[in-house]
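Chains G and B, in that order, are what the protein sequence lines are. Start counting the first sequence at 12; every next residue gets the next number (our numbering). Start counting the second sequence at 17; every next residue gets the next number (our numbering). Worksheet: one structure, shown below.
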Amino acid sequence: MVRFLNLTLAGITDGMIFATIALALVMIFRATRVINFAQGAMMMLTTFVGWTVQDRTGSYWLALGCALAAGLVLGTLVERVFIRPVENGPELNAAVVALGLIVLINALASMIWGSTPRAYPVPFSLRGYSVGGVRLLLSPNDLFTIGMVAFTMTALVLLFRRTALGLRMRAGAYSPELARLLGVRVGATLTIGWALAGLIGALAGVLIAPVVFLGPDQFDTVLVYGFTAAIIGGLESPVGSVVGGLLLGCTLSYVSGYAGSEVTSLGACAVLLVALMARPSGLFGPATGRRV
Amino acid sequence: MKRLRVTAARALRLTVVRHGLAALAGLALVLVVSAVLPSYRNFQLAELSYLVCATAGLTFLAGPGGQISVGQGAFMAIGAYTTALVINHQHWNLAAALLSALVVAACVGLLLGLATARLRGLYLATLTLALAVALPALVNVRGLSGILEGSNGLSVLASPPPAVLGADFSTPRWQAWVTGFCAVVTLWFLANLGRSRYGRSMRAARDDEAAAALSGVNVARVRLLAFVVAAACGGLGGGLLAWVTSLASPGAFSLNLSFGLLAAAILGGLGSLAGAVWGSLLLVVVSSVTSDLSSGSRLPIDVANNLPGAVYGVVLIVVMMTFPGGLHQGYRWISSRIPALVRRSRPPGDGAGRGSGR
Numbered sequence: 012m013v014r015f016l017n018l019t020l021a022g023i024t025d026g027m028i029f030a031t032i033a034l035a036l037v038m039i040f041r042a043t044r045v046i047n048f049a050q051g052a053m054m055m056l057t058t059f060v061g062w063t064v065q066d067r068t069g070s071y072w073l074a075l076g077c078a079l080a081a082g083l084v085l086g087t088l089v090e091r092v093f094i095r096p097v098e099n100g101p102e103l104n105a106a107v108v109a110l111g112l113i114v115l116i117n118a119l120a121s122m123i124w125g126s127t128p129r130a131y132p133v134p135f136s137l138r139g140y141s142v143g144g145v146r147l148l149l150s151p152n153d154l155f156t157i158g159m160v161a162f163t164m165t166a167l168v169l170l171f172r173r174t175a176l177g178l179r180m181r182a183g184a185y186s187p188e189l190a191r192l193l194g195v196r197v198g199a200t201l202t203i204g205w206a207l208a209g210l211i212g213a214l215a216g217v218l219i220a221p222v223v224f225l226g227p228d229q230f231d232t233v234l235v236y237g238f239t240a241a242i243i244g245g246l247e248s249p250v251g252s253v254v255g256g257l258l259l260g261c262t263l264s265y266v267s268g269y270a271g272s273e274v275t276s277l278g279a280c281a282v283l284l285v286a287l288m289a290r291p292s293g294l295f296g297p298a299t300g301r302r303v
Numbered sequence: 017m018k019r020l021r022v023t024a025a026r027a028l029r030l031t032v033v034r035h036g037l038a039a040l041a042g043l044a045l046v047l048v049v050s051a052v053l054p055s056y057r058n059f060q061l062a063e064l065s066y067l068v069c070a071t072a073g074l075t076f077l078a079g080p081g082g083q084i085s086v087g088q089g090a091f092m093a094i095g096a097y098t099t100a101l102v103i104n105h106q107h108w109n110l111a112a113a114l115l116s117a118l119v120v121a122a123c124v125g126l127l128l129g130l131a132t133a134r135l136r137g138l139y140l141a142t143l144t145l146a147l148a149v150a151l152p153a154l155v156n157v158r159g160l161s162g163i164l165e166g167s168n169g170l171s172v173l174a175s176p177p178p179a180v181l182g183a184d185f186s187t188p189r190w191q192a193w194v195t196g197f198c199a200v201v202t203l204w205f206l207a208n209l210g211r212s213r214y215g216r217s218m219r220a221a222r223d224d225e226a227a228a229a230l231s232g233v234n235v236a237r238v239r240l241l242a243f244v245v246a247a248a249c250g251g252l253g254g255g256l257l258a259w260v261t262s263l264a265s266p267g268a269f270s271l272n273l274s275f276g277l278l279a280a281a282i283l284g285g286l287g288s289l290a291g292a293v294w295g296s297l298l299l300v301v302v303s304s305v306t307s308d309l310s311s312g313s314r315l316p317i318d319v320a321n322n323l324p325g326a327v328y329g330v331v332l333i334v335v336m337m338t339f340p341g342g343l344h345q346g347y348r349w350i351s352s353r354i355p356a357l358v359r360r361s362r363p364p365g366d367g368a369g370r371g372s373g374r
């Protein structure tokens with residue numbers, strides 16, 4: 012029973028991080044209909060920025076701030092320089108540009124920081140709390156992770172629901188032409204969407220780096236789990252990405268706890284398959300009415 | 017004489033004749049090129065050929081089939097391990113081993129296709145992506161790691177070129193022959209399938225499922241067929257990869273391979289099989305040229321090792337921005353402009369009276 016509880020707790024922490032990545036993907040998808048394969052590479056680059064700052068100054072919080080700022084800048088740059096020129100072409104072209112970015116960013120990072128994975132520090136203790144003499148797999152650092160993700164999600168929901176900027180972004184994503192006619196600068200809202208996605212990705216990168224270590228292709232698997240979470244959630248809905256992330260995190264935790272860590276990625280595949288067989292466009296996706 | 021010409025023209029109008037001639041030309045090209053190239057380049061020709069097999073499957077799936085898969089690497093892995101196992105344990109000959117790779121990959125594709133029949137677009141793409149990550153991890157599962165040798169992979173027993181070809185016939189050249197033959201046959205088969213009743217049904221189902229279904233097309237079946245064909249091509253490509261490199265290991269089927277194949281298919285131009293060749297050619301040539309350049313340079317080791325990756329990434333991005341319709345369309349565009357350019361560069365007066373064709 013304790014084991015089950017512990018696996019659940021570990022699953023929730025992991026799931027929150029998957030949910031963060033899924034959220035970044037969903038934001039970009041909703042705004043530009045582009046599936047950003049390069050999210051993992053972008054995360055890796057911003058986390059390396061954080062690592063460098065941490066290495067020079069020794070301050071975790073300054074490093075976190077720098078990583079987040081780098082995420083904003085990188086998101087903006089990627090949208091303006093790389094995605095904007097191919098946006099009017101066939102849909103998949105943006106995907107290839109993203110694939111090109113992955114290769115390019117990975118190569119650049121290996122040139123600058125080398126390809127050996129590095130350890131990334133944690134701000135709080137990793138020692139689990141003990142309740143009644145039983146040690147739980149929930150440490151102050153896990154609480155920090157969960158808190159950060161929950162804070163980001165709340166902020167995003169508030170941004171989308173309660174601010175004029177959020178309204179403009181939703182309008183631009185819903186119907187670019189109409190929004191433009193009504194005076195929304197759709198181009199600018201798209202850039203802001205990418206910048207925010209870059210920021211969220213940067214947060215996810217800093218949070219996951221202590222677990223998977225930091226290296227040029229260390230985030231590949233995590234990115235795939237983020238994708239899986241986003242798809243389970245339906246690719247359109249922020250709530251869906253949180254639910255998808257938690258579902259995936261817990262399942263992976265049970266699979267690796269009870270069946271062995273080698274089959275974890277098969278577990279992800281199985282969850283995805285089952286979820287999609289039940290609902291072909293995700294748990295919170297749009298209803299699959301096809302126009303005749 | 018005239019009758020002969022008319023007959024020839026009529027024969028050329030037949031798809032099977034045209035595709036057959038193109039395939040023969042392709043085979044001749046493989047023979048000539050492999051004879052000219054040195055041994056190491058022949059190895060690269062073999063590499064190109066097995067990539068063409070796998071990419072052509074993706075192109076077919078995306079073109080007439082209208083579906084996107086990110087998991088072609090998974091089917092290549094299945095093909096590679098099947099080949100390795102039947103060659104090492106059953107001592108099957110090469111043709112039988114490659115055929116079994118193709119069949120096993122097709123069967124897995126069939127099962128997966130049945131399970132995912134309701135999925136569309138990105139949902140299918142992500143599922144195949146998850147498969148591409150999950151499948152290579154299978155080698156470390158207890159029970160299987162004994163047979164599949166874990167992360168080290170299976171080494172495949174080498175098969176020398178047949179004695180008929182002479183004692184000094186180099187192995188890479190033989191490999192280039194076999195893989196080139198497989199690639200040409202794959203392209204020929206896919207071209208014919210695309211022009212057949214099934215190809216037309218697939219295109220109809222891709223463009224409008226409801227209309228196709230009302231016209232009597234079994235939409236689920238033709239979609240499944242496209243998926244299985246693509247899986248089989250991946251399996252064949254993987255089998256060839258294992259044979260050429262003498263190794264089937266999980267490292268060869270990383271996410272980068274699947275991404276690279278998808279990029280090659282899209283870069284070449286979705287839907288045109290020639291595009292699959294262009295895309296794979298770009299994949300091989302860019303990496304080969306840049307690694308030649310960077311290994312000869314005096315750059316620091318970290319920079320030199322990663323220069324090919326950086327250049328490849330830039331090439332992907334630039335090509336996509338320059339030719340939004342893919343390389344094959346770019347090639348067509350350029351070749352259709354050349355006559356006009358030539359005409360314009362002629363002095364006025366020369367060839368007057370022909371300009372009315374504009």
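The beta carbon of each residue, even a glycine, is placed where N, CA and C say it ideally should be. Remember, it's a predicted structure, so these values are computed and weren't measured experimentally.
Beta-carbon proximity list for residue i, same chain, < 6 Å, skipping 5 on both sides
i      : result
B:W190 : P177
G:E90  : T202 and W205
G:I28  : A215, L218 and I219
B:A179 : none
Cβ neighbours of residue i in the same chain (closer than 8 Å, five flanking residues each side left out)
i      : result
G:R14  : G268
B:L181 : W190
B:L130 : L240
Partners in chain G for residue i, counting only beta-carbon separations shorter than 7 Å
i      : result
B:A146 : V235, T239, A279, C280 and L283
Contact with chain B by residue i, beta-carbon distance below 8 Å
i      : result
G:L103 : yes
G:L112 : yes
G:T232 : yes
G:L115 : yes
G:V37  : no
G:V107 : yes
G:L119 : yes
G:L246 : yes
G:I28  : no
Among the options, the one whose alpha carbon lies nearest that of residue i
i      : options                           : result
B:W294 : B:F269, B:N321, B:L332 and B:A258 : B:L332
G:I211 : G:A240, G:Q50 and G:F40           : G:Q50
B:L64  : B:A228, B:T261, B:P355 and B:G312 : B:T261
B:T98  : B:V120, B:Q83, B:L77 and B:G196   : B:V120
B:V86  : G:A270, G:I46 and G:L178          : G:I46
B:F389 : B:A111, B:W193 and B:V172         : Residue coverage of chain B in this structure runs from 17 to 374, which leaves residue 389 of chain B outside it and unanswerable.
B:G253 : B:A96, B:P355 and B:L126          : B:A96
G:V97  : G:T43, G:G293 and G:L147          : G:T43
Proximal residues to residue i (C-beta, below 7 Å), its chain only, five neighbours per side dropped
i      : result
G:L83  : A206, G209 and L210
B:H344 : G284, G285, S288, A290, G291 and W294
B:W155 : The residue asked about is misnamed: residue 155 of chain B is Val in this sequence, not Trp. S161, L164, G166, S167 and P266, listed in sequence order.
G:M54  : G212, A213, A215, G216 and F230
G:P227 : M55, N117, A120, S121 and S126
B:N104 : L170, V172 and L173
B:L77  : Q83, S85, A242, F243 and A246
Residue-chain proximity (residue i, chain G), Cβ-Cβ < 8 Å
i      : result
B:N47  : First, the amino acid is wrong: residue 47 of chain B is Leu here, not Asn. So no, B:L47 is outside the interface.
B:G329 : yes
B:L19  : First, the residue type needs correcting, since residue 19 of chain B is Arg and not Leu in the sequence shown. Taking Cβ atoms only, chain G never reaches closer than 8 Å to B:R19, which makes this a no.
B:L143 : yes
B:Y347 : no
B:R158 : yes
B:P80  : no
B:G376 : Because chain B is modelled from 17 through 374, residue 376 of chain B falls outside the range shown and cannot be assessed.
B:L271 : yes
Contact list for residue i against chain B, beta-carbon separation under 7 Å
i      : result
G:M288 : A131
G:L56  : Here the premise fails: no neighbours, minimum Cβ distance about 13 Å.
G:M122 : D318, V319 and N322
G:S292 : Y139
G:S276 : V149, A150 and A153
Bridge-paired residues (DSSP) for residue i
i      : result
B:A264 : B:L170
G:R146 : G:S141
G:R129 : G:L225
9 Å Cβ cut-off: residues of chain G touching residue i
i      : result
B:V33  : Here the premise fails: no neighbours, minimum Cβ distance about 32 Å.
B:I282 : P101, L103, N104, A106, V107 and L110
Chain B residues whose Cβ lies nearer than 9 Å to that of residue i
i     : result
G:V97 : I333, M336, M337 and P340
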